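What follows is one structure encoded as structure tokens, with my remarks underneath.
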């Protein structure tokens with residue numbers, strides 16, 4: 001992995017949020033590549049329950065200040081950055097007062113999904129891509145983790161399809177165990193169509209369940225990783241017919257070599 005550039009995009013990363021399968025792998029995988037001499041960038045949302053003072057987040061003025069259009073509204077993009085202690089790894093945080101100030105991540109105190117999670121996902125995807133463009137950093141691999149990140153492949157392949165910085169980038173999506181029941185806002189697909197995408201590209205999102213959101217992500221990826229030990233059966237079948245490289249589930253003790261081999265022999269050779 002030496003000298004390879006990998007962009008990790010995740011809904012959660014330790015130590016900024018509690019330990020889960022997603023937050024752990026979104027830390028361990030970049031650390032593995034970083035230790036092997038690869039170049040990494042990590043992006044996550046700046047949720048309101050992240051302690052900025054403790055983790056020493058600070059705004060990057062030269063990257064902030066852009067407005068992103070979400071469903072015909074201008075939403076200001078704020079970029080913050082912090083370093084993971086002892087790891088020499090920087091994390092970039094996508095922030096916006098309306099979408100990420102609340103003191104929670106994806107659900108309220110009763111466990112209900114926030115009604116604007118669909119727009120937060122669109123904002124996060126666009127925010128990551130626009131920030132990487134400002135950094136002028138061309139990744140070899142873009143590795144997506146968590147359903148809030150899962151619109152990024154769709155936007156990258158279509159809305160930003162002619163962006164030269166990403167021309168040679170390969171997209172890998174990790175599929176975890178089902179993270180929510182029900183659906184996101186049923187108008188999600190209309191908000192994406194507003195950005196000029198076509199009906200065929202959002203066909204799964206007419207009913208934005210967890211399974212359909214992940215189908216859309218892997219459709220627009222070059223490869224997929226089964227990152228949960230109990231992913232929905234419908235997704236298993238979908239991945240088996242995808243016709244793209246798929247890495248079977250590996251636990252934390254065995255993932256490092258498996259991911260490295262998958263990146264180098266399956267993803268980068270596609």
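Numbering (my numbering), first residue to last: 1 to 270.
Beta carbons are placed, not taken as given, at the ideal position from N, Cα and C, and that holds for glycine.
Owing to the predicted nature of the structure, the values given are computational and were not obtained by experimental measurement.
According to DSSP, residue pairing for residue 78 in a beta bridge involves 95. At the C-beta level, residue 7 and residue 50 stay beyond 8 Å of one another. Residue 37 places its beta carbon 8 Å or farther from that of residue 80. DSSP places residue 162 outside both helix and strand once states are collapsed to three, so it counts as coil. Put simply, of 232, 111, 203 the residue whose alpha carbon is nearest the alpha carbon of residue 154 is 203. Residue 85 counts as exposed, since fewer than 16 other C-beta atoms from the protein chains shown sit within 10 angstroms of its C-beta. Between residue 87 and residue 5 a beta carbon distance of about 17 Å is seen, past the 8 Å cut, so the two are scored as non-contacting. CA-to-CA, the gap between residue 206 and residue 117 works out to about 16 Å. Residue 102 carries a coil assignment under DSSP once its states are collapsed to helix, strand and coil. When only Cα atoms are considered, residue 25 and residue 199 end up about 33 Å apart.
Buried is the label assigned to residue 170, since at least 16 other Cβ atoms lie within 10 Å of its Cβ.
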